[in-house]
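**Q** One structure follows; several queries about it will come next.
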Amino acid sequence: MIKTLKLISILTCVTSLAGAEDLVNLVNPLQGTDSANGFSHGNTYPTVALPFAMNAWSPFTEPVKDSFFYQYCHDKLRGLRQTHQPSPWIGDYAAFAVMPVSGALVCDEERRASKFSHEHEVALPHYYKVEMETWGVTAELTPTERCASFRFTYPVDKDAFVIVDGFPKGSSIEIQPGRNRIVGWVKNNNGGVPGNFANHFIVQFDQPFLDQGTWKPGSKPSKELKAEDKHVGAWVKIDPKKGPVTFRAVSSFIDLAQAETTLAKEIGDKDFDAVKDVGRRRWNEVLGKIEIEGGLPDQHRTFYTAMYRSTLFPHRLNEPGADGKDHYYSPYDGNVHEGVVFTDSGFWDTFRCVHPLFNILFPDLNEQILQGILAAYEQSGWLPAWASPGHRKCMIGNHAFSLFADAWAKGNRNFDAKKAVEAMLHDSSQQGPIDSIGRDGAPSYLERGYASHDVTHESAAKTLEYAYNDYCAMLVAEGVGNKEAAKTFRARTGNFKNVWDPKLKFMRGKLSNGEWMPDFDPARWGSPFTEGCSWHYTWSVFHDIQGLIDLAGGDQAFTEKLDSVFQSEPRVNNGAYGRLIHEMAEMIAANMGQYAHGNQPIQHMIYLYGYAGQPWKTQARVREVMNRLYHPTPDGLCGDEDNGQTSAWYVFSALGMYPVNPASDEYVIGSPLFGKATIHLGDGKTFVIKADNNGPMRPYIQESSLNGQPLERCFLRHGEIAKGGEVWFRMGSYKKEDWAAGNDARPSSQSRSAK
Ligand code: CA
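Residues 315 to 1069 (the working numbering) make up the sequence shown, in order.
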C-alpha cells in the first residue's frame, strides 16, 4: 500500500512538472555519460550551461589529457572545468578548472581528486552540486552564458583551499590578493586557432585570502604570486568559518578588460541563488517552446533531455562589449570583429535535423548562425564545415550549403544569400587547404561527375553528399536570381546516379576509369564510405528520393530494399578500418539488422517509406527506435550524440515528423509519441499536434486532419506550421495501409513535385 502511494505521488509529480513551469527538472544531463572510447552511449558530459552559451561547465573524472573526460562508471572527480568540447573526437579547447580541497594543500590533479557518488550528485542544465567526499566539501556551480558562480561549503575545522588549474599546452596565472582575485590565460586547444589565441579568465572571490601561491604539476606548491609555463595553476587559502565560500569565474577570448565587462553585465552583484534562478528561468523558456501532454513520465524526461541536448550547440563566440555592441575574437584571422559568430558544430551531423529544428523554434538565431558562417568565409576564405573553434579537419561534404538552403526554403532569409552563392561557387569548385573545407576531390568530381576512389578517400560518400549540396546551392542561386550559378549547380544534382550500381542495386565506389571498386560487400565499412557501409549510404539522396526509387526499380523494389535493412544480419566487414570501430559495435548492439541509428548517415532512412506509398512502415519503425534506443539514463543513447543531431531526431520524431530533405519546406510525417504537443512559435502563435487514442501500442495513424480539413498526405509544409494551426491524428494498434498511401500523398523529390 505504501509502495502504491509512493508510485502515485511520483507520477503526479512528473505530470504536474511537465505541465507547469519547471521543465528543467525533467532534463538529465547525465544521459549519455556512461560511455568510453570503445563504445558510445552518447559520448556526452554533464553539460552545465545555458542554451547556445559561449562557455559550458562540467565535472571531470579523467586526466586532463583525456577528452572522454566524464565517465559515469568512475568514482573520483578531479575538478569542475570550463569546457567548449563539442565531441571527444574533436577534443576540448580553452579549458581550465577549479577544485576545492581541505586539510592539506594538494594541487596536482591525481592527489586533489575526490571520491564522489552519483547518489550525492545533482546534475541539471543550470545547476550542478556534488559532495567531494574526500574533502568533506559540497561544491555547487551555476552558469551564465560566459560566467559561472560557485559556492563551496567546507568543514569549518580544517584549512580550506580553492585550486585553479590552467591545464597543459600553455597557461599563465597571477594572484591579486588586494582584489581578491586570480587572473590568467590558457591556450590549450587541438588546432583551428591562430597563434594569438588565448582564453583570458578571472576568478573573483567575495572574501580575502588567508594565503596564496602558484603550482606546477610534479613540484611543491610555491608562494609566488605569478607563474607562466606549459602548465601552471594557483591556490588560495580561505577562511571556512565565515560560511560558504563564493566566487565567480568569467573568461574572454578578446582580453581581460572584456572579461571584466562581461562579469559586470552577466552577474554584477547577483548572489549564487539569483544567478541560479536566472538560469532556471532561461532553460524553462527554451524547453517550454514545446509543451507536451500524455505519454509516460520517462518519455517526458527523454523528450526534454533531447530538447536540452538540441540547444547546447553551436557555442556563441561573441561577447557583450562595453560599447553595447557584440564583438568576437575570430579564430579564422586572429582579429577582433564586431558582430556575431558561432562555433563548435559539425555540419555533417547538424544539417540533418538540428538546423531544421532551429528554423522552427529559433529562426532568428539560425539567421545569426548563417551571418556568422559568412563572416567566417570572409575571414578565412572558406565556409566552415566542422568548426571548433576555427576550421578542423573532420568529416566530409559542404553542408554549410544545406544550412543556407534550409533557411531559405523556410523563408528565414536574414542573411546575405548572394554572398552565400558566391561562397558556394568558390568552395564547390576547388580543393581546400584541408580535406574538410572546400571540396575534397573536386577535380575528379567536376570532371567525371563522381569523386573517383583511386584519387579520393571516402569517394562514394562524398559524391552523394556533394550532389545534395549542389542541389542546395542551386536552390539558393535560383532564389537570388543567379541563373548562371543555378545552371552550374543543377547540372551536378543528379551525380548520385553515378555511384549507383544498377546490377547490385547499391551505391558503390568507382574508379577513375569508370570501373567499380572490386570486391563489393554492402556490409564493408569505411572508404569509399565514411563511418558506415553501403547499407547506410545508399539512402543519402536527400533531395531526390523519387530518383532513388526509380534507380531501385520502382515502389515495390524500393520498399523491399528498405525492409531488407532491418531484415539483414547485423554483420560488419571491418573493411578500410581494419578493426571494429565503435559505430560498428553500436550497430550490432542495437540489434536492428543493418540499421545503424548510432551514426548519422542512415538516420533519415525510416522516413522514406512514405515516398513509395507505405507510410505505415515508418510509423512502426520510428516508435521502435524511440522506445528502444532513447532513455533518460546515463546509457540512454545508442551512439555518439553529436551536437544535438541524435537528440533533435527524437524531438522531431516525438512530434511526429522529420525533415528528410532539409532543403525543402516539407516534413515527412512519422508517428507522434504524445497525445498532444504544442509548439510555441512566438507572437502568441502555436502549432498543435494532437494524437487521439495514442499509446505505446498504438503507433499507427488511422485518420488525420489539418485545421479541421482532411489531411491526405504524409507530409506537412513549413508554412502550415509557421502560421500556426492544428494537425490531428487518430491513432490505432493496427496498421492502416491506405492512410496517405496514394500517389498524390507523397512528399516531393527533385524529379517529382508534390501535389
Ligand atoms: Ca556520429
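Where a beta carbon is used, it is the ideal one built from N, C-alpha and C, also for glycine.
1. Using the rule of at least 16 other Cβ atoms within 10 Å of the residue's Cβ for burial, across every protein chain shown, is E980 buried or exposed?
2. Does the beta-carbon distance from G506 to S702 come in below 8 Å?
3. Hey, which unbroken runs of the alpha helix (DSSP H) at 4 residues or more fall wholly within the region 745 to 782?
4. By the three-class DSSP mapping on this structure, what secondary structure does F382 have?
5. Who pairs with I859 in a beta bridge, going by DSSP?
6. Measuring straight from C-alpha to C-alpha, what distance separates S381 and W1042?
7. Tell me which same chain residues have a C-beta within less than 8 Å of the C-beta of D877, skipping the five on either side of it?
8. Measuring straight from C-alpha to C-alpha, what distance separates K1024 and S1018?
9. Enumerate in chain order the residues of its own chain whose CB-to-CB distance from A774 is below 7 Å, with the five nearest sequence positions on each side excluded.
10. Just confirm the distance between the C-beta atoms of C461 and W529, as a whole number of angstroms; I'd bet it's less than 8 Å.
11. Are the CB atoms of N809 and T770 nearer to each other than 8 Å?
12. Using only Cβ atoms and a threshold of 7 Å, which residues come within that distance of a heavy atom of ligand 1? Order them by chain position.
13. If I measure Cβ to Cβ from A541 and keep anything under 6 Å in the same chain, skipping five residues before and after, which residues do I get?
14. May I ask you to report which of helix, strand or coil DSSP gives A1055?
15. Here's the rule: buried if 16 or more other CB atoms are within 10 angstroms of the residue's CB, otherwise exposed. What is V436?
16. Between which two residues does the beta strand (DSSP E) holding H651 run?
17. Assess, as a yes-or-no matter, whether the region 668 to 681 is touched by the region 638 to 652 under the definition of 3 or more beta carbon pairs within less than 8 Å.
18. Secondary structure at A837, three-state DSSP: helix, strand or coil?
19. Starting from I496, follow the beta strand (DSSP E) in both directions and report where the run begins and ends.
20. By DSSP's criteria, L455 is part of a beta bridge. Which residues make up the other side?
21. With H, G and I counted as helix, E and B as strand and the rest as coil, what does DSSP make of P554?
22. Sort out for me which residues DSSP pairs I489 with in a bridge.
23. I'd like to know whether the C-beta atoms of I581 and T458 end up nearer to each other than 8 Å.
24. With H, G and I counted as helix, E and B as strand and the rest as coil, what does DSSP make of Q345?
25. Our contact map puts Y622 next to P439 with C-beta atoms below 8 Å; I'd like the distance itself, whole angstroms only.
26. In angstroms, rounded to a whole number, what distance separates the CA positions of Q613 and G912?
27. Looking only at its own chain, which residues have a Cβ that is under 6 Å from the Cβ of A899, when we skip the five neighbours before and after it?
28. I'd like to confirm the pairing. Which residues does DSSP put opposite S702 in its beta bridges?
29. How do the region 474 to 482 and the region 406 to 416 stand: do at least 3 beta-carbon pairs fall below 8 Å, yes or no?
30. In terms of residue numbering, what span does the beta strand (DSSP E) encompassing R426 cover?
31. Start and end of the alpha helix (DSSP H) containing Y646?
32. For M1011, does the count of other Cβ atoms within 10 angstroms reach 16, so buried, or fall short, so exposed?
33. Should S1062 go down as buried or exposed, given a rule of 16 or more other Cβ atoms within 10 Å for buried?
34. Alpha carbon to alpha carbon, how far is I496 from Q521?
35. Can you find at least 3 beta carbon pairs, one from the region 922 to 942 and one from the region 866 to 885, that sit closer than 8 Å?
36. Could you name the residues that DSSP lists as bridge partners for G547?
**A** Per the coordinate set shown:
1. Buried, since its Cβ has 16 or more Cβ neighbours within 10 Å.
2. In this structure, S702 lies closer than 8 Å to G506 by Cβ.
3. Listed in chain order, the complete alpha helix (DSSP H) runs (minimum 4 residues) inside the region 745 to 782 are 756 to 762.
4. F382 carries a coil assignment under DSSP once its states are collapsed to helix, strand and coil.
5. DSSP, once it has assigned bridges, lists no residue as partnering I859.
6. Answer to the nearest angstrom: the Cα atoms are 45 Å apart.
7. Taken in chain order, the residues that qualify are K931.
8. The amino acid occupying residue 1024 in the given sequence is Pro; Lys does not appear at that position. Rounded to the nearest angstrom, the two C-alpha atoms are 6 Å apart.
9. Contacts found: V813, M821, R822, G823, P842, F843 and Y851.
10. No, C461 and W529 are not in contact; Cβ-Cβ is about 24 Å, not under 8 Å.
11. No, they are not a contact pair.
12. Going along the chain, the residues that qualify are D663, E845, E897, N913, Q914, G953, D954 and D956.
13. If we look at A541 and ignore the five residues flanking it on each side, its Cβ neighbours are I487 and T528.
14. Of the three classes helix, strand and coil, the one that applies to A1055 here is coil, per DSSP.
15. By the 10 Å Cβ count, V436 comes out exposed.
16. Going by DSSP, H651 is part of the beta strand (DSSP E) stretching over V650 to E652.
17. Remark: fewer than three beta-carbon pairs, one from each stretch, lie closer than 8 Å, so the region 638 to 652 and the region 668 to 681 are not flagged as touching.
18. Shown here, A837 sits in coil according to DSSP, grouped into three states, outside any helix or strand.
19. If you look at I496, you'll find it in the beta strand (DSSP E) that goes R495 to V500.
20. Bridge partners of L455: Y442 and F464.
21. Look at P554 here: in three-state DSSP terms it is helix.
22. For I489, which the question treats as bridged, DSSP gives the partners I496.
23. For I581 and T458, yes; Cβs fall inside 8 Å.
24. Assignment of Q345 by DSSP, reduced to helix, strand and coil, places it in the coil class.
25. Correct: roughly 5 Å between the Cβ atoms.
26. Taking the CA atoms as reference points, Q613 sits about 19 Å from G912.
27. Around A899: F353.
28. Bridge partners of S702: none, in fact.
29. Result yes; three or more Cβ-Cβ pairs closer than 8 Å.
30. Not the beta strand (DSSP E): R426 falls in the alpha helix (DSSP H), residues E423 to R426.
31. In the DSSP annotation of this structure, Y646 is not part of any alpha helix (DSSP H), being labelled neither H nor E.
32. It counts as exposed.
33. Classification of S1062: buried, given that the 10 Å Cβ count is 16 or more.
34. Cα atoms of I496 and Q521: separation of roughly 12 Å, rounded to the nearest angstrom.
35. Yes: the two stretches touch, three or more of their Cβ pairs being nearer than 8 Å.
36. Beta bridge pairing from DSSP links G547 with D479 and W529.
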